[in-house]
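**Student:**
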Amino acid sequence: MPELNTLTLDRAVVSTILDPYVIQRGTPQDPQLSVEIQKLRNRWKKRRWQRRLLGWLPHGRSLPPMLRGARNQEYVFESYSTTWETQGWPNPEEPIQPKQTSLVEWGHEIIKVRRGGLSRVHLYYMADVIGALQPRSILEVGCGNGLNLFVLASKFPDIPMHGVELTEKGVATAKSVQQSQPFPEALVKFCPWEVGNLEAWRKIEFRQGDARALPFPDSSFDLVFTRLALEQMETLRDEAVSEISRVSKKHVMFLEPFFEFNQDDLRRNYVGAKDYFSLPHAELKKFGIQVLMTYKDFPQKLTLGAGLVLGKV
Ligand SMILES: C[S@@+](CC[C@H](N)C(=O)[O-])C[C@H]1O[C@@H](n2cnc3c(N)ncnc32)[C@H](O)[C@@H]1O
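Anchor point for the sequence shown: position 107 equals 107 in the working numbering, and the numbering is continuous, going up by one each time.
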């Protein structure tokens with residue numbers, strides 16, 4: 001079993017995983033990219049000020065983004081219900097949709113990447129951590145349409161996996177895929193490894209539920225994880241992290257935009273303007289979680305940094 005603290009991402013491996021999703025590569029000095037970066041800086045500085053002044057407004061989807069108030073769970077529920085009803089699996093061959101691309105920094109490079117590229121890299125690293133921990137059961141909280149669990153089940157077919165998701169649409173999508181198809185070809189292509197097992201994904205148990213009151217007894221799972229789900233839960237973060245800690249028997253793994261990963265101006269403004277999760281991982285101990293390791297050497301969005309935090313309960 002590899003030592004957790006020695007798990008790092010090899011640059012060549014990251015390139016291979018990311019490559020199909022790369023639209024453009026450059027440096028911050030390239031004229032066109034530098035203009036785009038400056039625009040991002042200006043936009044999110046302005047939007048953060050708007051949020052400070054108008055944060056008391058409701059966060060109705062019908063309002064233009066600049067007039068929306070604090071992100072609340074009604075808004076999250078509505079917007080992700082639409083997402084999981086309409087959005088297909090990541091597909092590097094579909095036409096580029098500007099809203100689904102991100103500017104990412106990786107070493108000295110700036111890379112424009114499609115939806116799916118970063119999650120592939122995250123999943124590759126998360127699988128390394130799971131391989132080192134060898135849990136006997138796993139729960140993902142905020143599992144959306146099940147993408148992460150489907151991919152992980154193809155690598156760890158013997159570990160029972162469960163997913164909880166706020167929206168009925170996310171759960172319905174995950175369950176309908178399980179019932180009606182062979183393992184989708186799009187997911188075989190998306191997996192950042194050779195898919196060895198095409199059956200385990202059918203056994204994953206998905207259910208609708210709220211991170212504020214997870215529908216499981218204490219200490220139910222060896223490993224409970226989230227990926228960019230606490231991100232949406234700033235208004236309920238203490239309840240959600242307490243619940244995750246409660247239902248874990250051994251470990252918790254968060255791949256989230258913790259405060260420490262978002263310390264430059266652009267990211268601070270973005271997190272503030274969008275009301276994203278911003279708990280310092282140093283505060284996890286108040287939820288009974290002892291941090292064993294943190295890892296942030298991923299290609300990172302210029303607007304929102306995310307890192308992996310592994311804890312023991
Ligand atoms: C950005 S998506 C991430 C989905 C998935 N984890 C991934 O990596 O693709 C955030 C998800 O968290 C879910 N979520 C937000 N608040 C939640 C809550 N209180 N309980 C459970 N899930 C929640 C949303 O519905 C959405 O599916």
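The C-beta atom is built at its ideal place from N, Cα and C for all residues, glycine as well.
DSSP three-state call for Y295: helix, strand or coil?
**Tutor:** strand
**Student:** Can you tell me which residues form a DSSP beta bridge with W106?
**Tutor:** E109
**Student:** When the distance is taken between beta carbons, is A211 closer than 9 Å to L166?
**Tutor:** Yes, Cβ-Cβ distance for L166 and A211 is below 9 Å.
**Student:** V177 by DSSP, collapsed to three states: which one?
**Tutor:** Reduced to three states, the DSSP call for V177 is helix.
**Student:** Out of D158, Q73 and G163, which one is the CA nearest neighbour of P215?
**Tutor:** The shortest CA-to-CA distance from P215 to any of D158, Q73 and G163 is the one to G163.
**Student:** Are the segment 102-111 and the segment 185-194 touching, with three or more C-beta to C-beta distances below 8 Å?
**Tutor:** no
**Student:** I'd like to check one pair, A306 with E231: are the Cβ atoms closer than 9 Å?
**Tutor:** Their beta carbons are under 9 Å apart, which means E231 touches A306 by this criterion.
**Student:** Between which two residues does the alpha helix (DSSP H) containing I23 stretch?
**Tutor:** Here I23 belongs to no alpha helix (DSSP H); instead the beta strand (DSSP E) covers V22 to G26.
**Student:** To the nearest angstrom, how far is the alpha carbon of M1 from that of D158?
**Tutor:** Legend: pLDDT at M1 = 49, less than 50; position of this residue unreliable, value from coordinates given subsequently. Cα-Cα distance, rounded: 17 Å.
**Student:** Which first and last residues belong to the beta strand (DSSP E) in which E256 is found?
**Tutor:** S248 to E256
**Student:** Check whether the Cβ atoms of A174 and I204 sit closer than 9 Å, and answer yes or no.
**Tutor:** yes
**Student:** For K126, which of helix, strand or coil comes out of DSSP?
**Tutor:** It is worth fixing the name first, because residue 126 is Met in this sequence and not Lys. Of the three classes helix, strand and coil, the one that applies to M126 here is helix, per DSSP.
**Student:** With D265 as the anchor, note down where its alpha helix (DSSP H) starts and where it stops.
**Tutor:** D265 to K274
**Student:** Compare the beta carbon distance of A282 and E256 with 9 Å and say whether it is the shorter of the two.
**Tutor:** no
**Student:** Within 10 angstroms of its Cβ, does I110 collect 16 or more other Cβ (buried), or is it exposed?
**Tutor:** buried
**Student:** Straight-line CA distance for V151 to S119?
**Tutor:** 11 Å
**Student:** Assuming G117 contacts V22 under a Cβ cut-off of 8 Å, what Cβ separation, rounded to an integer in Å, is found between them?
**Tutor:** 7 Å
**Student:** Taking all protein chains shown into account, decide if R352 is buried (16 or more other Cβ within 10 angstroms of its Cβ) or exposed.
**Tutor:** In the structure as shown, the chain starts at 1 and stops at 313, and residue 352 therefore has no counterpart that could be examined.
**Student:** Quick one: is V141 buried, meaning 16 or more other Cβ sit within 10 Å of its Cβ, or exposed?
**Tutor:** With 16 or more other Cβ atoms inside 10 Å of its own Cβ, V141 counts as buried.
**Student:** H251 and L133: beta carbons closer than 9 Å?
**Tutor:** Contact flag set, yes.
**Student:** Would you give the residue range spanned by the beta strand (DSSP E) that E185 belongs to?
**Tutor:** Secondary structure note for E185: it is in no beta strand (DSSP E), and the uninterrupted alpha helix (DSSP H) holding it is E185 to F190.
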